[in-house]
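Visitor: Numbering (my numbering), first residue to last: 1 to 446.
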Ligand code: IFM
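1) Taking the C-alpha atoms as reference points, what is the distance between residue 350 and residue 367?
2) Buried or exposed, going by whether 16 or more other CB atoms sit within 10 Å of the CB of residue 311?
3) Closest to residue 119 by C-alpha separation, out of 110, 127 and 125, would be which residue?
4) Quick one: grab the DSSP three-state call for residue 171.
5) Using the Cα positions of residue 222 and residue 102, report the straight-line distance between them to the nearest angstrom.
6) Please state whether the Cβ-Cβ distance between residue 297 and residue 354 is less than 8 Å.
7) Can you name, in chain order, every residue of its own chain whose Cβ lies under 6 Å from the Cβ of residue 95, other than the five neighbours on each side?
8) Decide if residue 364 is buried, meaning its Cβ has at least 16 other Cβ atoms within 10 Å, or exposed.
9) Measuring straight from C-alpha to C-alpha, what distance separates residue 163 and residue 189?
10) Is the segment 153-168 in contact with the segment 177-187, if contact means three or more CB pairs nearer than 8 Å?
11) Is the segment 336-345 in contact with the segment 269-288, if contact means three or more CB pairs nearer than 8 Å?
12) Relative to the C-alpha of residue 57, which candidate in 150, 26 and 437 has its C-alpha closest?
13) If you compare alpha carbons, which of 292, 73, 204 and 316 is closest to residue 431?
14) Is it the case that the Cβ atoms of residue 129 and residue 209 are separated by a distance below 8 Å?
15) DSSP on residue 138, reduced to helix/strand/coil?
16) Secondary structure at residue 292, three-state DSSP: helix, strand or coil?
17) For residue 333, which residues from the same chain have a beta carbon less than 7 Å from its beta carbon, with the 5 sequence-adjacent residues on both sides left out?
18) Just the Cα atoms here: how many angstroms apart are residue 49 and residue 178?
19) Using CA atoms only, rank isn't needed, just tell me which of 157, 175 and 275 is closest to residue 217.
20) Run the proximity test for residue 410: is its beta-carbon closer than 7 Å to any non-hydrogen atom belonging to ligand 1?
21) Let me make sure I understand the geometry here. Which of 437, 112, 140 and 394 has the alpha-carbon closest to that of residue 376?
22) From the DSSP secondary-structure annotation, give me the bridge partner or partners of residue 356.
23) Give the secondary structure of residue 253 by DSSP, where H, G and I count as helix, E and B as strand, and everything else as coil.
24) Sorted by chain position, which residues of the same chain lie with C-beta nearer than 7 Å to residue 410's C-beta, five sequence neighbours on each side aside?
25) Quick check on DSSP: helix, strand or coil for residue 399?
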């Protein structure tokens, strides 16, 4: 196998796709183009939720600067752009009237990607729920599946003829558990009943989207799940059990429902009392076949038992690995293990793509350049991990770096920089970082 330092595009299978990803609210500039209020606007406006109460009103202004961003991506020798469509931009009230300007934007963006010889990979929901739907309970309302299906059809009617792949939902764990039990993301609830319901309804919404898009004849449908490498903090059986519980709620809940039509017992232990009545009846639809699986992977998590806390009685424990600006441990071996686990236990030879992987760092422009050797190493190490998984038989078809641009990192505002392209949030000037130039060289076709 090639050494990490000399990896190139040629070390991956023919047709392996290299791209970069962003998401609507994080880059577009939500105040432009007639978008409606979304639950991140109000979450950010609530004291204490978001660093400096920053929101996505301006973000990177990709709404006006998408051509510049796509030129940068193309010049970096990338094959594909992963972007998301904002529900609140396209249907400002969540249901009913469509904002033509919003749809026109995604139409222009899709064409601009294709004109540059790249592939558009679309995520239909990446978190900007229209406030009008949030008022009705958002992801805890059983009707959300139907509302989402209607939105998805509006998008597909306009750009579906040119989309390379669709992901229905980005990171259902974040949409539900992180946002309704841990309260870190909009709508900021800390309520186990809301969490259990949203964990079920987000999967129903996924299933509804798959059904509607199949009805339109689409065969490029997937979902993007976020996984961590979960390990017990010690050999103590209580820590081992805590890690198994966290693995079940974080890593297994969504893939097990989709791939096997069931929820893990270790998660049902705490969540079943709060699931909606007759939840079992939905699992057949939830497990209807998809065409590919998207994997977001960033870190390992050590888990300890917390006797003070009610179920799931887990607490994070400190590890010894190097960390990113997010405090996340860097663990490429976890990605390799995850890809093998998914193949062996869940999806077999179903095509998979790493739809997000990357790191935040406190990057600065100095003398017109940004040196980010830590990120260069991170990318190479994770590429080597993917390569090992491919050599072991994993049907991995692509890799998208998160993110093309520094952008709105949710509760951390604009402080955490994940981009391979630096953004000055005063002037919005883009400066490709050393990691961008490294990838450009690595991806050059020879
Ligand atoms: O910025 C986020 C993205 O929106 C979803 N996946 C994780 C990224 C880094 O936290």
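Where a beta carbon is used, it is the ideal one built from N, C-alpha and C, also for glycine.
Guide: Well, looking at it:
1) 46 Å
2) exposed
3) 110
4) coil
5) 24 Å
6) yes
7) 147
8) exposed
9) 34 Å
10) no
11) no
12) 26
13) 73
14) no
15) helix
16) strand
17) 385
18) 13 Å
19) 157
20) yes
21) 437
22) 296
23) helix
24) 185
25) strand
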